[in-house]
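J.: Let me begin by handing over the structure; questions about it come next.
Residue numbers (the working numbering): 25 to 218.
See below:
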């Protein structure tokens, strides 16, 4: 886990490692919570975008499965990749519910989804004693997603398109950690005396 102070408010920005993402998703109480948190940490959605996702928004393209975000921040449209497993979970949820496929799959408010993330983080803190979990909020899941894309060497322009960012500086200042723990570990491997 990586943390950094917010420049002008209390609290910390948090970036999770891939293992911590898995641990957090395992804390979900049910499928709906797993979908909501997965949309944020695996697709880079904001909490308000996650509660608007309907099964019809998952589409197959020649590049793979994508998620259509119809009204992102500033009411902007974008498309972002969605993992096969998350897409399959959304399709399965659509099969067992009575709603039409154009009705959002997360049937709770943004406030409730925020509370789900906070409760899951609280349980991780209780299990690990890692204080960083006490700072984790829903937007940190989007932040983590962006960091993981950078570390996977996805082109910056593609990251900006998928995440709906207008400029690299905004992404860099608000989402990208200085250096992830993984990047720091790679650097430390080069130092003989460590």
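Glycine included, each C-beta is placed from N, C-alpha and C at the ideal position. All figures in this text were calculated on a predicted structure; none of them were measured in a lab.
Tell me the rounded alpha-carbon separation between residue 24 and residue 108.
T.: In the structure as shown, the chain starts at 25 and stops at 218, and residue 24 therefore has no counterpart that could be examined.
J.: Whose CA, out of 133, 153, 166, lies closest to the CA of residue 195?
T.: 166
J.: Is the CB-CB distance between residue 114 and residue 129 below 8 Å?
T.: yes
J.: Residue 58 to residue 49, Cα distance in whole Å?
T.: Cα-Cα distance, rounded: 6 Å.
J.: Between the Cα of residue 171 and those of 188, 55, 209, 40, spot the shortest distance and give me the residue it belongs to.
T.: 40
J.: Going along the chain, which unbroken runs of the alpha helix (DSSP H) with 4 or more residues stay wholly within the stretch 42 to 74?
T.: 42 to 50, 55 to 67, 71 to 74
J.: In three-state DSSP terms, what is residue 162?
T.: helix
J.: Could you spell out where the beta strand (DSSP E) holding residue 104 opens and where it closes?
T.: 102 to 105
J.: If we count the other Cβ atoms within 10 Å of its Cβ and call it buried at 16 or more, is residue 79 buried or exposed?
T.: buried
J.: Of the residues 25, 31, 62, 38, which one's Cα is nearest the Cα of residue 159?
T.: 38
J.: Going along the chain, which residues of its own chain have a beta-carbon closer than 7 Å to the beta-carbon of residue 173, five neighbours each way excluded?
T.: Here the set comprises 183.
J.: Are there three or more Cβ pairs, one per stretch, closer than 8 Å when the stretch 133 to 145 is compared with the stretch 69 to 77?
T.: yes
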